[in-house]
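Asks: Below is the structure I would like to discuss, written out as structure tokens.
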Ligand SMILES: Nc1ncnc2c1ncn2[C@@H]1O[C@H](COP(=O)(O)OP(=O)(O)OP(=O)(O)O)[C@@H](O)[C@H]1O
Ligand SMILES: CC(=O)C(=O)O
């Protein structure tokens, strides 16, 4: 196992022999804490946890490390061996935007609060971001903030304030590019893209949210497209729309749209001025857009390092995976939209490939969407959902993300608890079973001196694997 792998695969153990962990930018990496605010100084007596590690403070008394409130609670509860390495991202929406709700998520283990610029107003997002910052300042949490751009996708409009509308089998709905000043006529959906009616053809299959609801185009009348529902389901505000012709995705028009729209640039400006930690870019097509955004951020905000996360969700991003991952500071596997671009049965193998590549390129990776979809409505997950979360943790994703479950679901805190418990359980299982597989990593050292350090780290990892102690601490001076 190469040195980088140690960084990713071992449990996140703050070492009492190291100075405070409070510096540096927030990160999704398991070893780098997402500290943004002042961490607390947490004193440990020479407890069994310390002795487990073979560490006894030199004064025989207390050792002091700086941690955030959640890590402190986990350390008190479980000791050093059980701090969680898998970070948890929660999308903040109407179900979780009050100070109390955000605090409940922070207490439950949220490491990153995500706001999706596709929904709500810029002012609404600003208030949420400030709420998170206030919580960090006042209560010692270390929740990072991620702004997710809307991107140039075709999507439905709002549903006249309804949280969702049911489309039943056989019903005829109108998808229209007309601007509706008053309430929408019955069974009518506004579409954000002017060329929609021109681009679709009678007989096309229209997929809402990657196929959660399906229609067939039966007639075009000027700006209106009449469609018959043949896979019923819930229509959600601003849901993504794609269409297929003869079974193939029609994507010419999407390819013409810029990855970062003019609205996205305004949202990015707002994110920069709020000093967010991550900007996630939707529908990335190449590394160029990531590089461009990074230069823009550096010019606008030289003192504030904002990490750029590339969302892998389109056909184009899958084609240029390696260059995009290289260019970005991290990757999000956006399985929701990906599922409308490639056949559903290919999504799990795409996930596996992306996580593996990120591991090899030493970049953090988030697995997103529908991890616990049923928990939007029900208080317990399905067995299949738990298996899906388990698989993502076993693949060594750095972070798992809740979308609708936390944004507008009925059980956001319970969903977060499931992610947390499953992550902890699988990580414990690794430690107990000692089944860290080898991962082939490219050499990262550029000088002879670095190569020596890397080899020492590799050897340390090997010793750690074969010895009875699952954790080895080496101090290099
Ligand atoms: N700020 C918000 N205001 C209102 N509703 C929201 C907000 N954020 C999320 N939601 C609701 O939660 C659902 C899931 O959120 P999510 O961020 O996954 O959106 P999405 O539309 O699926 O977009 P994406 O594909 O970018 O994830 C949305 O469809 C929307 O109904
Ligand atoms: C998160 C997101 O954008 C998706 O899954 O499509």
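Numbering (UniProt numbering), first residue to last: 1 to 477. Backbone N, C-alpha and C fix where the C-beta goes; we use that ideal spot for every residue, glycine too. Model, not experiment: these values are computed from the prediction.
(1) Are there three or more Cβ pairs, one per stretch, closer than 8 Å when the region 337 to 346 is compared with the region 375 to 382?
(2) What does a CB cutoff of less than 6 Å around residue 462 pick up in its chain, not counting 5 residues either side in sequence?
(3) Using DSSP with H/G/I as helix, E/B as strand and the rest coil, what is residue 116?
(4) Would you check if there are 3 or more beta carbon pairs closer than 8 Å linking the region 169 to 182 to the region 216 to 225?
(5) Under a CB-based cut-off of 8 Å, is residue 238 close to chain B?
(6) Using CA coordinates, which residue listed in 153, 105 and 94 is at the minimum distance from residue 259?
(7) Going by DSSP, what residue range makes up the beta strand (DSSP E) through residue 218?
(8) Check for me: the beta strand (DSSP E) holding residue 410 runs from which residue to which?
(9) Looking at the structure shown, is residue 457 part of a helix, part of a strand, or coil, going by DSSP?
(10) Give me the DSSP bridge partner(s) of residue 235.
(11) Quick check: residue 280 and residue 86, are their CB atoms within less than 8 Å of each other?
(12) To which residues of the same chain is residue 397 closer than 6 Å at the C-beta, ignoring the five residues directly before and after it?
(13) So which of 206, 326, 133 and 430 has the shortest CA-CA distance to residue 246?
(14) Thinking C-beta only, is residue 285 closer than 8 Å to residue 314?
(15) So the alpha helix (DSSP H) residue 196 belongs to, where does it begin and stop?
(16) Taking 7 Å as the cut-off, is the CB of residue 285 close to at least one heavy atom of ligand 2?
(17) Leaving aside the five residues before and after residue 344 along the sequence, list all residues of the same chain whose C-beta is less than 6 Å from its C-beta, in chain order.
(18) Under DSSP, the alpha helix (DSSP H) around residue 383 begins and ends at which residues?
(19) Compute every distance between the C-beta of residue 240 and the non-hydrogen atoms of ligand 1, then say whether any falls below 7 Å.
Replies: In short, the structure shows the following:
(1) no
(2) none
(3) strand
(4) yes
(5) The structure shown has no chain B; it contains just one protein chain.
(6) 153
(7) 213 to 221
(8) Here residue 410 belongs to no beta strand (DSSP E), and DSSP marks it neither H nor E.
(9) helix
(10) 165
(11) no
(12) 355, 365 and 367
(13) 206
(14) yes
(15) 196 to 199
(16) no
(17) none
(18) 383 to 394
(19) yes
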